[in-house]
Structures are given as C-alpha cells and as structure tokens.
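Okay, structure first, notes after.
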RNA sequence: GGGCGCGUAGCUCAGCGGUAGAGCACUACGUUGACAUCGUAGUGGCCACAGGUUCGAUCCCUGUCGCGCCCA
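Residue numbers (my numbering): -5 to 1027.
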C-alpha cells in the first residue's frame, strides 16, 4: 500500500506511544548494551497541574537526552513522578468541596476525613499530567512513577512506596544532628491559608501605598527644642515640641509598638532619647508609654527620621526589637484579624506599661499572651482596624495635618482646611504566591532548617564543578556539579552565600506531618504549677521529642521523664511513668498512682520543598539500599527552569549532601522561560497562554518539540509563535515526502530490513554519505554540550538543505543509469540515518517512517545510534559536489536575472576549463543539465551576446543572442564585480600589512592568499566578459 | 538600592577574535521522477554608541545610552 500523502500525526501519535509502552521500550535499562548508566529525574510537576508550555519545553529537552542515550546503549532511566504540592493541592480540594454547599468544609470534616478527600481527588485527577506528558512523547519509565506523599499514613492502596519514610527519616536525622530547630520567629504568614510560608513563596508587588504622619506626645507633657539644620549647619527650622512625629504605612500596628527608634546620629531627637512617649491611640485612661531608643536602622532622611517599632509585625522592626530587647506584642490572629483573646485591654496595657518602665520582665510566652488590642477594635479585620485607628487619632488632633485649599461645591467659595498629611507612595507589598493576599509578618513558633550549617558542601561542590568545567577537565564521576549556563551558577552562589534559615513548618493538613511530639518539661511536671491552674496549657513549657514513629517518641519521652527524679522532695514520688500519645499534652494520675503523661504530636506539616528536596534519593528507594539506588545514583543531569534554582536545585544539593554525602547530579542544565511571541510571560490573566496540547493537536507533537528545541539557545527566553511551529510542521512533511519519493522509486530496502552502508562509487553518493557523517558528528557534539538548538538546526539544514534540496534532485537522473542500484541503496541508507538522527527530536514521525519503510528487527526507539564519522567524509567528492552546486546556482541566478523563461532550455558553452572542472562536468552532466535547465554543452570561445558564468577552474557562457538585454547583463556583471573587488581590496589590504603577515597564524595568512587568488581569477573572468559585451555594442 | 543579563537583516534569534548567518516576513518567477505544509531566484546589516587592547573586534576590556529579569 503506497504511503499517504502526509503524516497523520493525530492518528499515529497515540498508536505509536502505546506501541512503545507495550513493548516496555522506556523501562529502566531497556536497550542497554553497556555498563554506563544515564539517569534523569523529572522535575515533578504538581499533582494538581496540567501541562503548560514550560513543562513541554522542559520535558522535550529531557526526552531528547534520554532517547539519545538509550539509543546509544546506555542503561537509561528517566524517573517520573509528581509532587504533592501542599498548599496548591489543599487549595484545589477545598475549592472543589466549596462548589457544593452541602459539603462540609475542611474544618468541619476534620483532618482525617479531609485527607481522605485529598487522596480521593488525587486518585481521580492525578493522572492528568501523566497522560499529557505521554502526548508530548516523554519516554519516562512510568512503571516507576513516584509521588512525594507515597507511603504516608492514610495513603490508599496503590500509593504504597516509601517516600514518606525517607522524608521522616531525614527530618529525624537532621534534627538529631542539630540542623533543624524550633523557634518563635517572625515569619511570612498567609492569612488566607493560615499558614507560615517561606521567603521564596512571597511575591513583592508594587502597590499605591499611603504614609500617615502621627504625633506621639512625650510623657508628662515634656517639651524639647526641635531644630533642623541644612548641610552647612545653619538652622533652618526651630520650634518647641511636646511630641515626636512618626510616619507609618500601617497605623493599625501602632497598638503593638514597643518603642520609637531614631538614628544615633540624629541630633534633632538627641534631647529626648531615653524618654518615654505615648502611643496616641486606645482608651485615653490607659494610654501606653514606650521608650525612645536609638538604632542604626532608622534613616534620618526618610519621613520624620523617627520610626515606631512593632517587633511582631514588621521584619525590620523585629531586628531592632531583638537588638534593643523591646517586647514584640502580637496583635493579630491567624486570619489577620485583630486579636480577641486574653485579658481585657486595661489589664494587658497595665502589664505592658510596667515593662516599658522597666519594672517588669516577661518571658516570650508571656509577651505572646498579652493582647494589646483595645476592646473596641478586637475581632476586626486589619484594614478595618486601620481605618478606625486613623479616625480616632485624627479626631483627637494628633495626626500631622497640612492646609489644603478646597472649593465649596455649592457656593464655589474657596477656603483653606486642615487635613491629615497622607503621602502617596509606591511601595512593595508582600503577597502569597498562591493565595495572592497580603502577607502579614507574624510572630509564631515554627520549625527551621539551619541552612547555614549545611550550605557549605553545596557551594563547594558547584565551585569545584564550575572550575573543572571552565578548565575543560570536567569529569562526570568526580563528585561535583556544574550548572549550565554559567550565569545560573552565579545566581546559585549568590543565593546560597546569603542564605537565610529555611522555615519548613506549614500550618496545613496535606503534607508530611512533622515527626515531633511535645510534653511538659520535667521541671514543670514537678513544679505543681500545672495543678494549681495558674497557667493554662498554652503557656506550659514544653519538651520536644523527635522520632520517626509515635512508639519511638513515647520511648524517648519515657526515658526523659523516668531517668531523672522529677518529683524530688515531693511526697508524691513517682513509681513509673506511662507516656501516651494524645491530642494535647497533659499530666494526670499523680498522688501515689502511676502517673500518666500525654505527649502530643505537632499538628504542622513540612514544606513541600522539604520532601521534593529529597527527590533524587527518595524516588530510587532510599533509605532502603535498593539496586536502583546503587545503579543510578548519583544521577546525571537535572533539566530545570531558572525559576526553581532556589526552591529546588539548591535544596536538593544541600539535602542530598547532608543526608548521603553525595551530589545528586553532575550537571544542572537550566533553561529559560517560554514567552509569547511578543516576549510577554504567558499568563492566564493576560490571555496569551499557548496550550501545548492545543498546539500538539494542531501541528503534531513532533513539530512542537522541534520548535522548542530549535529555539532553546542556552540561557535565553524563547518567544514562541505559531508561524514557527507551522514551519517545523512543514519540515516533518518534507521528510515524509522525501520518503515517498524513495518509495515511488523503489529506493526503500523493505526486503533487507535496515539498510547497510553501501559501497558507493558515484560522487553524489559518496558526497551525501559524507554529509550524513558530518551531521552525525555535529549532532553528537551539540548534544554533548547541551546545545540543543545547534543539534536541531544541524538536522534541519542537513535533512532539508542537503538531502531534500540536493541529494534527492541529484538522484533523479541516476535512478535508471549505471549507478541506479547503488543510488537506491544509498538513498535507503541516508533516509534511515535521517530517521535515527532525528528520532530523539521528532520521535513520532520517525518511528512511523521507520516502521513503514522496512521489516525492522527493532523499533526505532531502540535502534543503534551511529558511530561513523570523519572516515566517511570524502573530500574529493565534497569538492566536486560543491563545484556542481555552485555552478547550478550561478546559472540559475543568471537566468533569473536575465528573465530567461523558466521553461526554456538553453545550450551552454564551456569557454575554458581545467582538468578537475572537466572531470566534475563529465561526472555530473545529467544532474547539471537537469537542474540548470540546459540543453547540450559545446566547447568553444565565448560567443558574442552571451551570459558568462565563472566557476573555479574555468568559465561557461550561455549564448543568448537576441534574448538578453545587454545593458542588463552588463549591470549584473558590474554589480558582481564591484562586490568582489570590495572583498578583494580588504584581502589585499590585510596582506600588504607587514604586521598581519608577521603576527597572524600562518594558516590564516595562507587562507587569505588563497582567497585572494581565487577572487582575482574570478574578477579577471568577469572583466573579460564585460569587455566582450562592450564589443557587441 | 544590590545582582544577573540583553541591544546583530522588517520580525524572532544564532554566531562571540580572521571581515555576517538562519527561520519567518517581503519581491519576482514557477520548470510533470516526493513535497504548494512546495520549488527557484532576489531585496535587506557602520553587528546600540564612544573609547581601549590587538596585525585584525560584532566577538575581549572600560564607559554611555536604551531594555529585561531576579533580590531588597
């Protein structure tokens, strides 16, 4: 059955992918014929995700590397999997639940039931992205598909696996090594998800901000001389003030102020440093006083130069508060509403007052328990509270005001009015990258990785890797890592050298629950305070027990309580202690009975990136010592986008080195972003998103893949347009039709299966074999250097520019001559090589052509990658064919410019020719005649009224008496000559410069001389032709 | 403010010490051994600007001007 006219991608792609899968073509080690391994870990897409252009790009590049290695016989594994994506997934499932009002909310159904819902959702929708990757042609070993939550408690059947074990083990190990700690720190709090998030999950967005100016009256009506001076020390302003002016963008946080700070060098405020001032908000009778302190942080030139310090709600203030031992009063709850808990304001304010006066010291927990929100503001949203605070202060006359002209709408009369001074400023405001709500800095207890302690090996490994890469001594097995392109290594260094502690606890349910249990400290147990009801459970001092399981935790707790004499001196001494796991810590059963202490598990889960940071070892079965781990770890290449260098790459480096003391991969290839054709980031809100699945449906997966690859110049964003994809779809059609030509001419070797390299005698065949070898060398070299675009462009130029444009055309007249058999064999071989070399880039159409053109022993996906090279390049054939091509092009060009009708065949006259040229002509006459539309060659002197075609070794004339316009031919020749002379002058100039001849490398000088010689020959011919034309007239 | 890049044909971009390339777009013409998702030919560039290093600079160095991105 003859081939269809075009490739039906939509029909073939699914069929071919299924064929590969059912043959187990992608299984780890499939087609392996050598010991070397090659392993790539897929950057796990979110389980909620669907394929976007970035995935398509990222996975195309990985697939090329994987298919290339597999064909070369490496023991290859492309490890796929998905990330449980804590916040994103919890958000999606909650949103799903909310669609039906009869559903319980997350909190109503409780943790266990909600998690069951998430697993259920994962079971239903988790395969979406996998199926999409298959449409792209990704040759992952799906039988090993991994999931970062596999094996977690509550995981349903089919979600076994031990990723959870790995995560828990690492947490416990790092905890025991002292790399993980818990502390009350100011963290980025997402009020929508009610969880802490890491710095990286915060987006700074520029918004129009407002800055209010308020007066903080000095205590006891004190006054001071406020003096402003210019640069030369001349007084420019002076007044007596009984207040200090404060500028703030967040008036609602004034309620939690612990101090006012000024710069130590700021002379304006020197007289009042150390004094107390009053926060101008809250009930008049309970106004709080706070000290005026100095700190390096305030910028004297910004605002009034004085800054209110609210340690619990601002990162800069927090630093000042820590340095100055200023209490940090938390004002908001987890929803960023003003706190409504604790004692009434009067009581809380009284305690705070005594702290400010230095009469009292509070523990951290005691400070946190104090609610300084006035009773009338409690429970309000932070923005509502802000409005009211501003109103109250303004009403009291403590806002800094300015005079503003206003016009009465009724009367049109102008009058001046005092209005609060509010500056309009653009400011950067932090937002949650998922929730898009404004992040609230919040003082909470969180878990942190002490990254400073594990960062050094991660830096060192890349420093060494980059040094080796630059020196050209890079060794994949040397235990270091390089990052390509180099620029991204700089980014990596910059971030790691300035790394901050990593907040890893999240107040979510979907994730790995932190393996830590809390119980009261033994001091506290023996203190009896717990019995006296003095403090509620929230402020009990706690002891931490970190263990992989509850049983283990109980054991550790037991040892803790038991080994020490916890009730020394107490008559109710303890016989034994029963430690049990409970919902919250408790103590019971004293007084002679066996005491019982309940320890309670930390309800928080780990940051998703903590688990994905273990992806390389976790997917290979660690902590078990599996065969795969031994074989494939460390893995080879990580292909990823620059946007997750910090989130993921850096953390994988740190964690793998901390846990197994090895780098996870030797090379990180960082690719850029896919943008729309105008260079805009694709985003749903802009509506400029190109869906890779739509494009695959329209143009075929091969065209989409090839487009992305051809545009993948290292480190540069790529602007994707449909025109470009259509162009590469046309390329697939071109290859298809070249095959059809071979089929129609009996040039397929269906009989022998795979075509062997033929013994070719004809120049044309020897030439194309050499070109094929060149292409193979160039593709391998490009891929080895991760220059995907070079590889793609090489193939495009070879297949279209050499095979289709020239070889197929040359072959036509050879199909029934002496060399017919040889030419058919060569064509079969060349096309096979095209399929093989193109397969990593365009797997579908090449596999289809491979299947349709022969009885093959193996599918193309497992075909052997060729190893031939320079030995197939025949330089004589090369020279000859380039001469032929040059001649044909010259004649075509001349004809076209002389407006010779395309269909008209012309005779040609050889006016002069050397031996080589004669041989070249003789060997290729049928091709030249056909392609240049000639009709017979004679030898003689140049006739009058002919066009001249100069080639290396001689020249031709095409008599066009009466056909050509002499003037036009003159113009054509003159133009060519002019251009040539310009080049020649450059060459002459260089050669006449003695310094050039002295200093330039010999080969460059020789090359220049040769060029000049050839050029001068050609110029002479052109001049001769011109003078002949002159004779005609 | 700190860091990292980028300014090359109308557009999108390769190239990065030996005198400039591709694709698309554009113009003209279409010749039966596959292909109009095609073929042939052609137009088009002081390689942002100014200095420096060099026999030689689009390429290396310095500065200027534009434009991105990341982090504050």
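Backbone N, C-alpha and C fix where the C-beta goes; we use that ideal spot for every residue, glycine too.
**Report entry** Assigned exposure category for residue 309 - 16 Cβ within 10 Å defines buried
**Finding:** Label assigned to residue 309: exposed.
Query raised in the report: In angstroms, rounded to a whole number, what distance separates the CA positions of residue 318 and residue 284?
Result: Per the coordinates, the alpha-carbon of residue 318 lies some 13 Å from the alpha-carbon of residue 284.
Requested in this report: Have a look at residue 302 and residue 223 and give me their C-alpha separation to the nearest angstrom.
Outcome: About 23 Å.
Query raised in the report: If you follow the alpha helix (DSSP H) that residue 654 is part of, which residue opens it and which one closes it?
Result: Unbroken alpha helix (DSSP H) run through residue 654: 645 to 654.
Requested in this report: Output the distance between the C-alpha atoms of residue 592 and residue 581, rounded to the nearest integer angstrom.
Outcome: Spanning the two alpha carbons is a distance of roughly 6 Å.
**Report entry** Cβ contact (3+ pairs, closer than 8 Å) linking the region 430 to 439 and the region 204 to 214
**Finding:** In short, these stretches do not touch, since the Cβ pair count stays below three.
Query - Closest by C-alpha distance to residue 472, when choosing among 553, 362, 537, 658 - result: 658 is the residue among 553, 362, 537, 658 whose C-alpha sits nearest the C-alpha of residue 472.
Query raised in the report: Run through DSSP, which three-state label would residue 503 get?
Result: Note: residue 503 maps to coil in three-state DSSP.
Query raised in the report: On the three-state DSSP scale, how would you describe residue 328?
Result: Coil, per DSSP.
Query raised in the report: Hey, residue 838 and residue 696: beta-carbon distance below 8 Å or not?
Result: If you check the CB distance, residue 838 and residue 696 come in under 8 Å.
Query raised in the report: Quick one: Cα of residue 211 to Cα of residue 277, how far?
Result: Rounded to the nearest whole angstrom, the CA to CA distance from residue 211 to residue 277 is 15 Å.
Query - Beta-carbon proximity list for residue 363, same chain, < 7 Å, skipping 5 on both sides - result: Excluding sequence positions up to five before and after residue 363, its CB lies within less than 7 Å of the CB of 336, 533, all in the same chain and listed in chain order.
Report task. Would you mind giving the Cβ-Cβ distance between residue 340 and residue 288, rounded to the nearest angstrom? I have them listed as a contact below 8 Å. Result -> Contact between residue 340 and residue 288 does not hold, since their C-beta atoms are separated by about 31 Å, which reaches or exceeds 8 Å.
Query raised in the report: Of the choices 959, 495, 483, 2, whose alpha-carbon is the least far from that of residue 636?
Result: The shortest Cα separation from residue 636 among 959, 495, 483, 2 belongs to 483.
Report task. Note down the Cα distance separating residue 447 from residue 453, rounded to an integer number of angstroms. Result -> Whole-angstrom Cα-Cα distance: 12 Å.
Query - One or two residues paired with residue 399 in a DSSP bridge - result: As a beta-bridge residue in DSSP terms, residue 399 pairs with 410.
**Report entry** Residue range of the alpha helix (DSSP H) that includes residue 930
**Finding:** Note, residue 930: premise wrong, no alpha helix (DSSP H); beta strand (DSSP E) at 928 to 933.
Query raised in the report: Below 8 Å between beta carbons: does that hold for residue 366 and residue 389?
Result: No, these two residues do not count as a Cβ contact at 8 Å.
Query raised in the report: Quick one: Cα of residue 343 to Cα of residue 179, how far?
Result: Taken atom to atom, the span from the alpha-carbon of residue 343 to that of residue 179 is near 23 Å.
Query - Span of the beta strand (DSSP E) around residue 540 - result: Residue 540 -> beta strand (DSSP E) spans 536 to 540.
Query raised in the report: Apart from the five residues on each side of it in sequence, which residues of its chain come closer than 8 Å, Cβ to Cβ, to residue 1020?
Result: Excluding sequence neighbours, residue 1020 sits near 964, 967, 968, 971.
Report task. Under 8 Å by Cβ, that's how I've got residue 193 and residue 494 pegged, so tell me the actual separation to the nearest angstrom. Result -> Contact holds; Cβ gap of about 6 Å.
Query - C-beta contact flag for residue 850 and residue 859 at 8 Å - result: 8 Å or more divides the Cβ of residue 850 from the Cβ of residue 859.
Query raised in the report: Beta-carbon separation of residue 187 and residue 429 under 8 Å?
Result: Going by C-beta atoms, residue 187 is nearer than 8 Å to residue 429.
Requested in this report: Taking only the alpha-carbon atoms, compute the straight-line gap between residue 949 and residue 989 and give it to the nearest angstrom.
Outcome: Looking at the two C-alpha atoms, the distance is approximately 36 Å.
Query - Meets three-Cβ-pair contact criterion under 8 Å: the region 499 to 513 and the region 595 to 606 - result: Yes: the two stretches touch, three or more of their Cβ pairs being nearer than 8 Å.
Query - Nonlocal neighbours in the same chain, by C-beta distance under 7 Å from residue 418, ignoring five residues either side - result: The answer, listed in chain order, is 202, 204.
Report task. Report the option in 835, 767, 144, 810 whose CA atom is closest to the CA atom of residue 787. Result -> Ranked by Cα distance from residue 787, the first of 835, 767, 144, 810 is 835.
Query raised in the report: Going by Cα to Cα distance, which pick from 960, 940, 946, 959 is closest to residue 952?
Result: Measuring from the Cα of residue 952, the nearest candidate turns out to be 940.
**Report entry** residue 254 (DSSP reduced to helix, strand or coil)
**Finding:** DSSP places residue 254 in the strand class (E or B) of the three-state scheme.
**Report entry** Three-state secondary structure assigned by DSSP to residue 273
**Finding:** Residue 273 falls in the coil class under three-state DSSP.
Query raised in the report: Of the choices 51, 332, 81, 1003, whose alpha-carbon is the least far from that of residue 368?
Result: Nearest C-alpha to residue 368 among 51, 332, 81, 1003: 332.
Query raised in the report: In angstroms, rounded to a whole number, what distance separates the CA positions of residue 393 and residue 353?
Result: Cα to Cα, the separation comes out at about 31 Å.
Report task. Kindly list the residues whose CB is nearer than 8 Å to the CB of residue 737, restricted to its own chain and excluding five residues on each side of it in sequence; keep chain order. Result -> Hits under 8 Å: -4, -3, 847.
Query raised in the report: How big is the Cα-Cα spacing for residue 133 and residue 648?
Result: Residue 133 and residue 648: Cα-Cα distance of roughly 29 Å.
**Report entry** residue 382: first and last residue of the uninterrupted beta strand (DSSP E) it sits in
**Finding:** First-last for residue 382: 376 to 390, but that is the alpha helix (DSSP H), not the beta strand (DSSP E).
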